[in-house]
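Residue numbers (my numbering): 15 to 493.
Working notes, beginning with the structure itself.
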DNA sequence: AAAAAAG
């Protein structure tokens, strides 16, 4: 299990019977650590500061007790058109996902919810906001829009959730959030979830929370042993060919590929489609319709490859995703952890492969420093740049068995017959030109003594890359 | 330096 559970049972947490029934329907019996810690805190009615990454089960950690609290007061006593709970989250997809969770766990309760975000027609949202509403999940921009136009009245909010607060600050939402906060009643319960605690998060928490309870669970990067991580050294110009090769060679049934740029995501998706691999790109320049469609198809398994920017790095919960690829390494080492956290979720194992150009070696070092381990560099058998329009047929014919969704054994990425040559970065990179990295290893290239070279100098001179420029977009979106 | 989010 990647998501740790506890020895507790959900029926010991004081949640009402309809909620327990919905939890059981969803197949859960045991809360994760963040749920076990956060649920009693939220039920107590106090403010909460929670340190939790995505993938720890934190969404249910606040959704479940909030449903309980709201359902204690009958809807008939509550004014219509006044959401009683507001959940703010950085991306549209995350907002949609959280609202789905609200609906899932609230299905036996007479509570109503909706989700509000930009990129789509506002009129259906306006119509929905006129009807009774208990829980409103939103991204800040569109919500503020509606609030300014008096489409929604936030004066009845009893519970506020700021999810992924650090990310919202990174994305320059602080001004919007402050404006929204000013519309809320003073008397309310506040829950703040953040993966990291920068000074800015602390400042936000200080102004927002009153005598908060504090819960924290281990960062997932130290716990993600079940995600098998490897690196392929490859020139940037050969990455797209290698990507097609890997997908076909390993017969990956489903893979989420991260690129550094939106343009890069488009180009890779086009290349894969050209190579008869079903693929779609998702990023912030796509229409919301295209984004929603691509994600839905990927989630239901009808889309083989989803090529994404870091829009999909955090929080997206894709059931039983076996394989993640970093087509380029992320600029911020923490994002690597978030990206590979899309696999190995909910009790399944996963594999994460990173395609690394020598230009990215510093990023790789930063990542290895963060996760406190060296990621093995694995040779790709049988791939030669510019010489692999089609991969060789796999030795054993593939059975047309469907997608093995529940896979217990080794992740798909590493079939037993793939010889894994683990060479140290020094051995590979200084000994041969990049163009030679994919030719099958000849005997004199074997350097078994170097296989486990532990690079002591992993952090010489590169202090952690603070995301120094990301937060102060003081101009905001000029309004 | 890129991406996300209002249009």
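Think of the CB as a built atom: it goes at the ideal place given N, C-alpha and C, for glycine as much as any other residue.
| query | result |
| --- | --- |
| Going by the CB atoms, is the gap between residue 128 and residue 147 shorter than 8 Å? | yes |
| Are at least three pairs of beta-carbons, each pair with one atom in the region 287 to 307 and one in the region 374 to 393, less than 8 Å apart? | no |
| Can you list, in chain order, the residues of its chain whose CB lies under 7 Å from that of residue 30, leaving out five sequence neighbours each side? | 82 and 85 |
| Using 8 Å for Cβ pairs, my map puts residue 109 next to residue 152. What's the rounded Cβ distance? | 6 Å |
| Which residue's Cα is closest to the Cα of residue 258: 266, 286, 335 and 208? | 286 |
| Assign residue 24 to buried or exposed, taking buried as 16 or more other Cβ atoms, counted over all protein chains shown, within 10 Å of its Cβ. | buried |
| Apart from the five residues on each side of it in sequence, which residues of its chain come closer than 7 Å, Cβ to Cβ, to residue 180? | 208, 209, 210, 212 and 215 |
| According to DSSP, what are the bridge partners of residue 208? | 65 |
| Could you tell me the boundaries of the alpha helix (DSSP H) in which residue 351 lies? | 347 to 354 |
| Say whether the region 247 to 262 touches the region 345 to 356, bearing in mind that this needs 3 or more beta-carbon pairs closer than 8 Å, one atom from each stretch. | no |
| Could you check the C-alpha separation between residue 158 and residue 194 for me, to the nearest Å? | 7 Å |
| Do you know offhand how far residue 265's Cα is from residue 122's? | 42 Å |
| Can you give, in chain order, each stretch of the beta strand (DSSP E) that sits fully within the region 291 to 329 and has at least 3 residues? | 293 to 296 and 319 to 322 |
| Taking a contact to mean a Cβ-Cβ separation below 8 Å, would you say residue 397 touches residue 222 in this structure? | no |
| Where DSSP assigns a beta bridge to residue 102, which residues make up the other side? | 152 and 176 |
| Just verifying my parser: in three-state terms, what is the DSSP assignment at residue 332? | coil |
| Are the region 329 to 341 and the region 267 to 276 touching by the rule of at least three beta carbon pairs closer than 8 Å? | yes |
| For residue 243 and residue 351, what's the separation of their Cα atoms in angstroms? | 11 Å |
| Can you name the start and end residues of the beta strand (DSSP E) that residue 258 belongs to? | Looking at the DSSP string, residue 258 is not in any beta strand (DSSP E); the run it does join, the alpha helix (DSSP H), is 253 to 263. |
| Let me check one thing: in DSSP terms, what residues is residue 230 bridge-paired to? | 65 |
| Can you name the start and end residues of the beta strand (DSSP E) that residue 364 belongs to? | 364 to 370 |
| Run the CB neighbour count on residue 34, radius 10 Å, all protein chains shown included, and call it buried at 16 or more, exposed below. | buried |
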